[in-house]
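Residue numbers (the numbering used here): 382 to 836.
Glycine included, each C-beta is placed from N, C-alpha and C at the ideal position.
All remarks here apply to the structure that follows.
What follows is the structure in structure tokens.
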């Protein structure tokens with residue numbers, strides 16, 4: 382028994398690359414999990430259980446195979462590229478956000494490796510490469526790093542610290558962030574090289590200075606991201622206020638006009654009653670109700686009801702665009718727009734495209750009406766956006782309107798509905814049904830609470 386224990390202890394405390402690789406295979410699943418937990422928490426990824434499992438399994442297994450066929454540091458660089466592809470494809474995100482997720486993981490991991498390499502060297506006086514090939518040291522070092530990364534994720538989640546700027550940033554801001562990401566990758570690669578080859582040869586002062594500079598770089602980067610986020614939010618809020626002021630001005634003018642004409646309106650009603658002209662009264666009431674509905678629609682166009690700034694900007698812009706062309710929009714919102722089962726950026730793109738198409742089709746009609754309803758459908762576990770509009774071309778072919786390049790307007794690109802279909806393909810919980818009748822062209826956009834959809 383003692384001989385067996387001694388043999389096991391010896392295997393664990395001496396250089397044993399084969400045993401280290403066995404441990405690393407199992408540890409790779411933990412590595413994938415804690416890394417995923419870190420970037421999904423800080424970058425505010427919305428993920429499903431299925432996506433998480435896919436990411437962990439693919440990254441762990443294929444990453445381990447890559448390490449068998451490639452030596453460091455090449456293996457690490459190949460895994461970095463593979464991990465970036467997985468983040469973009471599995472979590473349905475854009476390249477910039479995927480790149481930031483990758484940098485976030487490696488920046489924190491390399492910093493921790495750098496710190497622990499020095500601690501272990503001081504304690505045991507052994508080179509970093511040697512320690513990494515001793516199973517008990519490799520497992521302990523790796524476990525400490527995982528515990529630190531996991532703790533950082535939990536602290537960020539507890540204090541609700543996350544970065545959401547990438548969903549609403551303009552092109553200029555994205556360029557700045559992308560440049561910063563490229564510089565960060567260069568820093569990460571150079572630091573990884575230093576850890577692997579010069580960890581024990583660098584003077585302590587140089588090491589401390591290097592760690593300080595690395596920490597300072599990433600702190601400044603995140604502060605810059607936060608400032609950009611603040612500027613983007615301020616700009617959006619200013620746009621929202623400007624649009625809301627425009628709405629309030631129109632609403633105020635309508636109410637003043639209604640008050641001014643109130644006596645005349647009552648007199649008109651009295652005239653129909655005195656002559657017992659019921660048909661005339663019905664027509665008069667219908668016209669009066671139409672004016673009141675316009676005022677009600679403007680009252681609904683408020684940041685309190687439409688409580689997402691990006692969506693409010695889109696709706697207010699389209700509303701005033703339609704109003705300038707004499708189009709009446711009947712707006713009904715019965716949903717918390719911050720609870721949508723879709724990324725805000727994708728929702729605003731789809732909503733903007735559908736509203737633009739509805740306005741274009743409606744402005745040619747004698748009766749210019751667009752009905753927009755946003756509501757829950759709890760019976761079928763979905764959220765609905767229904768856009769109905771009057772239209773002139775009753776022969777429009779519903780089978781080809783989503784084709785790339787299709788357009789009925791000279792000078793248009795025909796990419797709007799095609800882009801909507803591309804977004805739908807990337808999201809399993811989204812549907813769009815297009816129908817028409819003699820009165821209305823109808824788009825019903827569906828967002829399901831879960832992956833299952835009705836066909």
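> Would the beta-carbon of residue 723 fall within 8 Å of that of residue 808?
Replying inline: Yes, Cβ-Cβ distance for residue 723 and residue 808 is below 8 Å.
> Is it true that the CB of residue 504 sits closer than 8 Å to the CB of residue 526?
Replying inline: One thing to note: residue 526 has its Cβ no nearer than 8 Å to the Cβ of residue 504.
>> Spatial neighbours of residue 828 within its chain, please: C-beta separation below 7 Å, excluding the five flanking residues on both sides.
In response: Excluding positions up to five away in sequence, the list reads 721, 722, 723, 763, 764, 810 and 811.
> Who pairs with residue 764 in a beta bridge, going by DSSP?
Replying inline: Answer is 757 and 828, bridged to residue 764.
> Which residue's Cα is closest to the Cα of residue 693: 707, 705 and 717?
Replying inline: That would be 717, whose Cα lies nearest to the Cα of residue 693.
>> Rounded to whole angstroms, what is the Cα-Cα separation between residue 750 and residue 654?
In response: Here the alpha carbons of residue 654 and residue 750 stand approximately 31 Å from one another.
> Within this structure, are the beta carbons of residue 462 and residue 436 separated by less than 8 Å?
Replying inline: In this structure, residue 436 does not lie closer than 8 Å to residue 462 by Cβ.
>> Quick check on DSSP: helix, strand or coil for residue 748?
In response: Of the three classes helix, strand and coil, the one that applies to residue 748 here is coil, per DSSP.
> Is any beta-carbon of chain C found at less than 8 Å from that of residue 487?
Replying inline: No chain C appears in the structure shown, which is made up of a single protein chain.
> Among residues of its own chain, excluding the 5 on either side of residue 792, which ones have a beta-carbon nearer than 7 Å to its beta-carbon?
Replying inline: Because residue 792 sits at a pLDDT of 47, beneath the cut-off of 50, its placement in the model cannot be relied upon, and the following sentence gives the value as read from the coordinates. Correct list: empty, nothing qualifies.
> Rounded to a whole number of angstroms, what is the C-alpha to C-alpha distance between residue 794 and residue 559?
Replying inline: Confidence at residue 794 is low in this model, with a pLDDT of 46, below 50, so the placement of that residue should be treated as unreliable; the coordinate-derived value is given next. Taking the straight line from one Cα to the other gives about 29 Å.
> Roughly how many angstroms separate the alpha carbons of residue 383 and residue 428, rounded to a whole number?
Replying inline: C-alpha of residue 383 to C-alpha of residue 428: approximately 49 Å in a straight line.
>> Considering Cα atoms alone, identify which of 438, 497, 425 and 512 is closest to residue 474.
In response: The shortest Cα separation from residue 474 among 438, 497, 425 and 512 belongs to 425.
> So residue 826 and residue 777 are in contact, right, with Cβ under 8 Å, and what is the actual spacing, rounded?
Replying inline: Wrong, their Cβ atoms sit about 18 Å apart, outside the cutoff.
> Of all the alpha helix (DSSP H) runs that stay within the bounds of the segment 441–475, which reach a length of 4 or more residues?
Replying inline: Within the segment 441–475, the complete alpha helix (DSSP H) runs of at least 4 residues are 455–471.
> Per DSSP, what kind of secondary structure is residue 728 in: helix, strand or coil?
Replying inline: The answer is helix: DSSP assigns residue 728 an H, G or I state.
> Under a Cβ-count criterion, where at least 16 other Cβ atoms within 10 Å of its own Cβ denotes burial, should residue 814 be classed as buried or exposed?
Replying inline: Looking at its Cβ environment, which holds fewer than 16 other Cβ atoms inside 10 Å, residue 814 is exposed.
> Which value, in whole angstroms, describes the spacing of the CA atoms of residue 715 and residue 725?
Replying inline: Near 17 Å, if we compare the C-alpha coordinates of residue 725 and residue 715.
> With DSSP run on the structure shown, which of helix, strand or coil describes residue 505?
Replying inline: Helix.
>> Would residue 486 and residue 420 be called neighbours here (beta carbons separated by less than 8 Å)?
In response: With a cutoff of 8 Å on beta-carbon distance, residue 486 and residue 420 are scored as near each other.
> Name the DSSP bridge partner or partners of residue 714?
Replying inline: Answer by DSSP bridge pairing, in chain order: 755.
>> So for residue 495, helix, strand or coil by DSSP?
In response: If DSSP states are grouped into helix, strand and coil, residue 495 belongs with the helices.
>> What would DSSP say about residue 792, mapped onto helix, strand or coil?
In response: Because the pLDDT at residue 792 is just 47, under 50, the model does not fix this residue reliably, and the value given afterwards should be weighed accordingly. Per DSSP, reduced to three states, the secondary structure at residue 792 is coil, with no helix or strand assignment.
> Residue range of the alpha helix (DSSP H) that residue 421 falls in?
Replying inline: First-last of the alpha helix (DSSP H) with residue 421: 398–423.
>> If you measure between the beta carbons of residue 530 and residue 556, is that distance less than 8 Å?
In response: No, the pair does not count as a contact, with Cβ atoms beyond the cut-off.
> Is there contact here, the segment 445–453 with the segment 402–416, by at least three beta-carbon pairs under 8 Å?
Replying inline: Yes, the segment 445–453 is in contact with the segment 402–416.
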